[in-house]
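Inspection log for the structure reproduced underneath, given as structure tokens.
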Amino acid sequence: MSMILFACVVRVRDGLPLSASTDFYHTQDFLECRRRLKTLGLRLARYPGRGSAEGRDFSIHFSSSGDVACMAICSRQCPAAMAFCFLETLWWEFTASYDSTCIGLASRPYAFLEFDSIIQKIKWHFNYVSSSQMKSSLEKIQEELEFQPPVVLTVEDTDVANGMMNGHLPMHLEPAPNFRMEPVTALGILSLILNIMCAALNLIRGVHLAEHSLQVAQEEIGNILAFLIPFVACIFQCYLYLFYSPARTMKVVLMLLFICLGNVYLHGLRNLWQILFHIGVAFLSSHQILTRQLQEKQSDCGV
Numbered sequence: 001m002s003m004i005l006f007a008c009v010v011r012v013r014d015g016l017p018l019s020a021s022t023d024f025y026h027t028q029d030f031l032e033c034r035r036r037l038k039t040l041g042l043r044l045a046r047y048p049g050r051g052s053a054e055g056r057d058f059s060i061h062f063s064s065s066g067d068v069a070c071m072a073i074c075s076r077q078c079p080a081a082m083a084f085c086f087l088e089t090l091w092w093e094f095t096a097s098y099d100s101t102c103i104g105l106a107s108r109p110y111a112f113l114e115f116d117s118i119i120q121k122i123k124w125h126f127n128y129v130s131s132s133q134m135k136s137s138l139e140k141i142q143e144e145l146e147f148q149p150p151v152v153l154t155v156e157d158t159d160v161a162n163g164m165m166n167g168h169l170p171m172h173l174e175p176a177p178n179f180r181m182e183p184v185t186a187l188g189i190l191s192l193i194l195n196i197m198c199a200a201l202n203l204i205r206g207v208h209l210a211e212h213s214l215q216v217a218q219e220e221i222g223n224i225l226a227f228l229i230p231f232v233a234c235i236f237q238c239y240l241y242l243f244y245s246p247a248r249t250m251k252v253v254l255m256l257l258f259i260c261l262g263n264v265y266l267h268g269l270r271n272l273w274q275i276l277f278h279i280g281v282a283f284l285s286s287h288q289i290l291t292r293q294l295q296e297k298q299s300d301c302g303v
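In this text, residue positions in the sequence shown follow the UniProt record's numbering: the first is 1, and each later residue adds one.
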């Protein structure tokens, strides 16, 4: 008998189902479990990255990261490590197939229903391939579960009556697991150092000008902002390089625009070479941010 019976991908912020397997079991218990899974999907933003809801015959497992969560209905005999390894593989496949913009703009349920073929392939792999062939990935997930156990609910706790939760659900505030980025490169480290240097120069000049202007006149407020806004933009560029952020491209372009406009405005307080240096560092940092992608998934955890 299959251990993983049903799987779906949902958007975390509102529980919108994006894709789901087309398997359908007509038992009353399974239909009830499907209903409760849908209800739980609406509450995923309240929970940490991994969780399970235990029922009498079936278990619901979910794993979320960023904008997307994967959920599955499994038999009670399915080991938790296998269920979460399946969900992680499903997450990697889905996020590799659709970017965050498409996911965020989806407005109708099952907008990516064609992904069902991938779900079926992964589900078949985990149901029928010997667990010994997935030993390393299962051990890795098991270690993660021991280090940070998933939140555990009863299936009854996922029910909703009159829009309010019946049970007392544990409200964990710890964040979902971070995205795993590619390793930092030597050029990336150089861009960080130069960016921090530019940020420091902007902050020092801006604070010094502010102190002088407050004592003498207030006509320099534009110049002060032209120093301090690029300072904030440089710091945010460092953050964008080190950590994954949704809508990263739009944020990178916005920070680059702030830095360029600020330096052009400062023409007169800075010479041409200083302006070109600051703008050049901003372009280098932007390039490094956009070329540092999510790390490819482990080869032993896929199909």
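Glycine included, C-beta positions come from ideal geometry on N, C-alpha and C.
Residue i by DSSP, collapsed to three states: which one?
i: V152; result: strand
i: C238; result: helix
i: G206; result: helix
i: M165; result: With a pLDDT of only 42 at M165, under the threshold of 50, the placement of this residue in the model should not be trusted; the figure read from the coordinates follows. M165: strand per DSSP, three-state reduction.
i: C102; result: helix
i: L5; result: strand
i: R270; result: strand
i: F243; result: coil
i: H172; result: Caution is warranted here: a pLDDT of 39 is assigned to H172, below 50, making its placement in the model unreliable, and no coordinate value can be reported.
i: S136; result: helix
i: S117; result: helix
i: F112; result: coil
i: residue 306; result: Residue coverage of the chain in this structure runs from 1 to 303, which leaves residue 306 outside it and unanswerable.
i: V129; result: coil
i: P177; result: Interpretation of P177 is limited by its pLDDT of 42, a score under 50 that renders its predicted location unreliable; no figure is taken from the coordinates.
i: V184; result: coil
i: E143; result: helix
i: V160; result: With a pLDDT of only 47 at V160, under 50, the local geometry of the prediction cannot be trusted, and no value is derived from it.
i: Q293; result: coil
i: residue 317; result: This structure leaves residue 317 out entirely; the chain is present only between 1 and 303.
i: Y265; result: helix
Candidates the options: which alpha carbon is nearest residue i's?
i: R34; options: A20, Y47, A45 and R46; result: A20
i: Q274; options: G49, V184 and N263; result: N263
i: M197; options: D29, N223 and P230; result: P230
i: L228; options: H212, K140 and L203; result: L203
i: S2; options: L44, W124, L113 and I119; result: W124
i: I259; options: I4, G55 and H278; result: H278
i: Y239; options: A199, V207, Q77 and L276; result: A199
i: Q148; options: A81, V232, N127 and Y110; result: A81
i: D29; options: N127, R76, L242 and L276; result: R76
i: N195; options: K135, L256 and E146; result: L256
i: L290; options: A53, P246 and F58; result: P246
i: L153; options: R46, R292 and L5; result: R46
i: L261; options: F126, L225 and P183; result: L225
Which residues does DSSP pair with residue i in a beta bridge?
i: A69; result: V10 and S64
i: I259; result: None; I259 has no bridge partner.
i: S59; result: E54 and C74
Which residues bound the beta strand (DSSP E) around residue i?
i: R50; result: R50 to E54
i: L18; result: P17 to A20
Looking at the unbroken alpha helix (DSSP H) that takes in residue i, where does it start and where does it end?
i: T39; result: Q28 to G41
i: F94; result: A80 to S97
Q. Hey, is the stretch 88 to 100 in contact with the stretch 68 to 77, meaning 3+ C-beta pairs nearer than 8 Å?
A. With contact defined as three or more Cβ pairs closer than 8 Å, the stretch 88 to 100 and the stretch 68 to 77 are in contact.
Q) Within the chosen definition, does the stretch 241 to 254 reach the stretch 284 to 291 through at least 3 CB pairs nearer than 8 Å? A) The stretch 241 to 254, when compared against the stretch 284 to 291, does touch it at the 8 Å Cβ threshold.
Q. If you pair each beta-carbon of the stretch 78 to 85 with each one of the stretch 136 to 152, do three or more pairs fall below 8 Å?
A. yes
**Q.** Cβ contact (3+ pairs, closer than 8 Å) linking the stretch 35 to 49 and the stretch 97 to 111
**A.** no
Q) Does the stretch 102 to 118 touch the stretch 4 to 13, meaning 3 or more C-beta pairs lie closer than 8 Å? A) yes
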